[in-house]
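Everything below concerns the one structure shown next.
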Ligand SMILES: [Zn+2]
């Protein structure tokens, strides 16, 4: 059996579509050629907009009516609600509820007529009938699969032209290629200059810290009053338009034009030192809407001349700032000012540390003395690239790769033995907002329990049972909730545990356990949730979580009350 497209499965639906145009007095005809040759459905026709004829084209998806019809007005150039390149119109809301399967081609045409009439009336009419959503112009662009990172908002006060500095780092596809092109690198905008005034962007990315960039490249930027409404992929159109805007005699425009005319390299040419050199390139800067309607930011669109296709290719800009990071997790914004110490970076600890990093915890102190072993790959966040590296170091890299603004401190300590090390740990605990102990070692749990009470710092302990059949998370807020030594009824609740014996890895006396990574994540999730709730000082009526994966999934929560007879935090201690 072969895949059948919508009108092959339901020919009556196509008849209904044809009829709905006739019923609405719309003169739209089915393109029989496209139907026969491409198994596609396209209707074309013209409509009357305030006495003027406008051609419209409707393109049906294979999975009509579950998915929406595309409607294009190829001859029009609307200032809003139209893709300036593809020419399709935005006539129903963009989210998945904008379209419903009862909508027809005739309905889309009616919507388009209304939009075209509003556009002629003016901005206010358009705003009255539109959904409150932003329209960032550069979303319409066709970008190469090459990232350009921009680590700071661009300055508001920019003149007409100036220069910028771009740093180049190895990308994913560089190795083993004979023809190296500009697409084989990652790029970072490092500085913007105008009339001798220099604006430096912060070096926040992990590869900016650890890798040396290739020689920096300078280019010209052009500040446009509005998003470009010409063919920005066509070099001739670009220099012509820039000539109109800045005058034919403008030396920057003339320079760009001559660079493009002279360039003749299919792959990147080498400089005297044997390094690749970039082709002619430039950037457009203009204001465009950001996350909200009528809220603007400066777009930086970087174009590079490609000799192979004689066209300009654009790299996708990625604006990487704290604001952007917390846009998707607004309720966690204040985590950026928090400090957390995590002891134990095994399968549970690595997952917890990485999740706290993604959540935007500003300062993480990671404590573990181990290195990553191939045996860890089955459960650890560390990948094969990190085998042999200290777990503190690999997690620093992984955390900064998710949240480059974090401050990570690596503490490769063996806890409890050395007095100097213990002095340092004591100091560190006194500096943080929360301690998370995932070592699952009884002696270490007792050490952190005592330090937490002495230094008045909350502590969370996490354990996984054998086979990862379940786990526990226990929190102490000194003198408010019970500590590890406080007895409670929940001490007797046993967490399901696999009867499989512990494993002794080769050449090592310390046993590990059998158990799947996906079962550990349930416990990691609860640990991270409790950590975040504690850091944000959210009121919880529980401090003890028991997670069961086996024989069926279950999460139970309990309070953990202070025990008046506790030797550490009981009434005698007050
Ligand atoms: Zn206690």
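In our numbering, the protein residues as written are -14 to 559. For each residue, glycine too, the CB sits at the ideal point set by N, CA and C.
{"query": "Spatial distance of residue 473 from residue 196 (CA atoms)", "result": "52 Å"}
{"query": "CB-CB length for residue 299 against residue 264, believed under 8 Å", "result": "Residue 299 to residue 264, Cβ: 13 Å. No contact."}
{"query": "Residue 555 Cβ short of 7 Å to ligand 1 heavy atom set", "result": "yes"}
{"query": "The alpha helix (DSSP H) enclosing residue 268, as first and last residue numbers", "result": "No alpha helix (DSSP H) contains residue 268, which is instead part of the beta strand (DSSP E) from 266 to 274."}
{"query": "Rounded straight-line distance, which links the Cα of residue 426 to that of residue 514", "result": "22 Å"}
{"query": "Contact test: residue 460 Cβ vs ligand 1 heavy atom, cutoff 7 Å", "result": "no"}
{"query": "Nearest candidate by alpha-carbon position, reference residue 315, set 176, 521, 449", "result": "521"}
{"query": "Inter-residue CB distance, residue 302 and residue 133 (contact presumed, cutoff 8 Å)", "result": "5 Å"}
{"query": "Segment contact, 8 Å Cβ cut-off, at least three pairs: the segment 476 to 489 with the segment 526 to 541", "result": "yes"}
{"query": "Residue 566 beta carbon near ligand 1 (any heavy atom closer than 7 Å)", "result": "Nothing in the structure corresponds to residue 566, since the chain is present only between -14 and 559."}
{"query": "Alpha-carbon to alpha-carbon, residue 352 and residue 403", "result": "15 Å"}
{"query": "Alpha-carbon spacing of residue 173 relative to residue 209, whole angstroms", "result": "22 Å"}
{"query": "Where residue 361 falls, given that 16 or more other Cβ within 10 Å makes a residue buried", "result": "buried"}
{"query": "Distance, residue 24 Cα to residue 12 Cα", "result": "22 Å"}
{"query": "Where residue 402 falls: helix, strand or coil (DSSP)", "result": "coil"}
{"query": "Beta strand (DSSP E) runs wholly inside the segment 138 to 198, at least 3 long, in chain order", "result": "146 to 155, 170 to 179, 182 to 185"}
{"query": "Close Cβ partners of residue 86 (< 8 Å) along its chain, the five nearest in sequence each way excluded", "result": "50, 51"}
{"query": "Check: residue 547 C-beta below 7 Å from any heavy atom of ligand 1", "result": "yes"}
{"query": "Where residue 374 falls: helix, strand or coil (DSSP)", "result": "coil"}
{"query": "Closest by C-alpha distance to residue 462, when choosing among 439, 452, 448", "result": "439"}
{"query": "Sequence-distant residues of the same chain with beta carbon closer than 6 Å to residue 538, five excluded per side", "result": "none"}
{"query": "Those residues which DSSP pairs with residue 202 across a bridge", "result": "151"}
{"query": "Meets three-Cβ-pair contact criterion under 8 Å: the segment 89 to 106 and the segment 34 to 41", "result": "yes"}
{"query": "Straight-line gap, residue 200 to residue 379 (C-alpha atoms, nearest Å)", "result": "28 Å"}
{"query": "Per DSSP, cross-strand counterpart(s) of residue 562", "result": "Outside the shown range of the chain, which is -14 to 559, sits residue 562, and nothing can be said about it."}
{"query": "Supposed contact pair residue 73 and residue 56 - C-beta distance, whole angstroms, cut 8 Å", "result": "6 Å"}
{"query": "Own chain partners of residue 216 with C-beta closer than 7 Å, once the 5 adjacent residues on each side are dropped", "result": "222"}
{"query": "Three-state class that DSSP yields for residue 251 in the structure shown", "result": "coil"}
{"query": "Cβ-based burial, residue 79 [other Cβ within 10 Å; buried from 16]", "result": "exposed"}
{"query": "Close-in-space but distant-in-sequence residues of the same chain around residue 304 (CB under 6 Å, 5 per side omitted)", "result": "135"}
{"query": "The segment 545 to 557 in contact with the segment 365 to 374 per 3-pair CB rule at 8 Å", "result": "no"}
{"query": "C-beta contact flag for residue 375 and residue 358 at 8 Å", "result": "no"}
{"query": "Inter-stretch contact at 8 Å, needing at least 3 Cβ pairs: the segment 319 to 334 / the segment 142 to 154", "result": "no"}
{"query": "Contact belief for residue 292 with residue 248 at Cβ below 8 Å, rounded distance in angstroms", "result": "6 Å"}
{"query": "CA nearest to the CA of residue 510, picked from 82, 497, 340", "result": "340"}
{"query": "Straight-line gap, residue 406 to residue 190 (C-alpha atoms, nearest Å)", "result": "31 Å"}
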